[in-house]
Structures are given as structure tokens and as C-alpha cells.
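A.B. asks: Quick one: the structure is below, questions incoming.
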Amino acid sequence: LCPPFSNSGVCEVDRQNRAGYSALMLSALTSVGREEADMAVVRRLFSLGDVNAKASQTGQTALMLAITHGRQDMVAALLACGADVNVQDADGATALMCASEYGRLDTVRLLLAQPGCDPALLDNEGTSALAIALEAEQDEVAGLLHAHLSSGQCQPQVSHKSRGWEVGR
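Going by this note's numbering, the residue at position 58 of the sequence shown is 75; the numbering climbs one at a time, nothing skipped.
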């Protein structure tokens with residue numbers, strides 16, 4: 018990942034390829050195993066760049082990519098390095114929406130536990146994470162989001178009836 022160059026300024030972890038993804042973003046897709054030394058390299062790489070940078074074509078962040086590809090260890094590392102859970106991509110989707118669509122229950126729990134996580138955000142079509150989970154038939158995720166929203170911590174911005182629950186559509 019370029020640890021010998023990490024202190025030299027030679028490693029351009031935020032430089033994007035033709036598809037619009039940076040080395041930092043692509044490293045969020047890797048599997049590093051359980052070795053602490055490997056995760057230390059990943060955390061160092063994340064600290065060298067902008068963990069909230071968006072891919073030029075899709076607007077996805079490294080956090081969204083890690084979630085989509087089921088890399089829970091990378092999700093945790095990105096959050097520890099300051100990844101913003103509320104950043105929206107070109108379609109207005111957030112990391113929570115990605116996790117909800119793919120049914121990543123542990124990731125949804127982790128994201129909801131982050132200070133400032135807003136599950137009531139809507140994408141460009143006016144759809145919330147809860148509505149996305151329901152549409153994708155991710156019932157456990159939908160139940161968790163519904164319970165979180167019902168706890169009074171936040172409220173959906175737009176109402177839509179689905180399976181008897183009031184959800185942002």
C-alpha cells in the first residue's frame with residue numbers, strides 16, 4: 018500500500034484513476050485478515066488521505082464502497098479515521114442507505130451508533146434508509162431503523178405508508 022513512502026509525501030492516496038476511484042477508496046475493498054500489523058498499514062493509509070473524498074463519477078466514498086462489499090473491518094477503520102456517515106453520493110445515498118439496502122445489520126448498528134448519524138436523511142428521490150430497507154425486504158434492518166427512529170432521536174422528513182410503518186419515502 019506504500020508504507021515506505023508514507024512519510025515522504027510521494028504516496029498520492031487521493032489521486033483518482035480514470036474510473037474516479039482513489040487508492041484510499043480501493044483499499045477499503047481489500048481483505049487484510051486478522052493481523053494487527055496489516056490493519057495498522059490500512060489505518061496509516063486512511064490517515065494520509067481524505068476518507069470523505071467522493072469518486073468523481075458516482076460520488077461514492079470509501080465508506081460506501083466498504084459497506085457495499087461487506088468489508089466490516091474497513092468500515093470500522095474508516096469510522097475510526099473520521100469518515101462522515103452522512104456524506105451523500107451523486108444519487109443522494111448515504112452509507113446508512115447502502116448498508117440498509119444490502120441488509121448489513123451489524124453495519125447499520127455501527128453507523129447508528131456514530132455521533133451525528135442521521136437516519137432521516139433522504140436521497141434525491143426522497144427515499145429514506147428505512148424505505149430502502151423495506152423495499153429491499155431487509156426486515157431486520159427495517160425493524161432496527163424503525164425502532165431507532167421511533168425512539169425520538171430523530172424523525173423521518175417525509176411520510177410514506179409501507180407495511181404499516183410511517184417512513185420517509
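Where a beta carbon is used, it is the ideal one built from N, C-alpha and C, also for glycine. Remember, predicted model here, so these are calculated numbers, not experimental data.
Buried or exposed: which applies to A97, given that a residue is buried once 16 or more other Cβ atoms fall within 10 Å of its Cβ?
C.D. replies: So A97 counts as exposed.
A.B. asks: Can you tell me whether D156 is buried or exposed, with buried defined as 16 or more other CB within 10 angstroms of its CB?
C.D. replies: The residue in question, D156, is exposed, as its Cβ has fewer than 16 Cβ neighbours within 10 Å.
A.B. asks: So, helix, strand or coil for Q131, using DSSP?
C.D. replies: If DSSP states are grouped into helix, strand and coil, Q131 belongs with coil.
A.B. asks: Alpha carbon to alpha carbon, how far is L162 from A153? Give it in angstroms, no decimals.
C.D. replies: In a straight line, the C-alpha of A153 is about 14 Å away from that of L162.
A.B. asks: Report the three-state DSSP secondary structure of D90 (helix, strand or coil).
C.D. replies: Helix.
A.B. asks: Might you give, ordered along the chain, the residues of its own chain that have their beta carbon closer than 7 Å to the beta carbon of L62, omitting 5 neighbours on each side?
C.D. replies: Only L18, V30, L41 and S44 meet the Cβ criterion.
A.B. asks: Here's the rule: buried if 16 or more other CB atoms are within 10 angstroms of the residue's CB, otherwise exposed. What is G143?
C.D. replies: Label assigned to G143: exposed.
A.B. asks: Tell me the DSSP secondary structure of S167 in three-state form.
C.D. replies: S167: helix per DSSP, three-state reduction.
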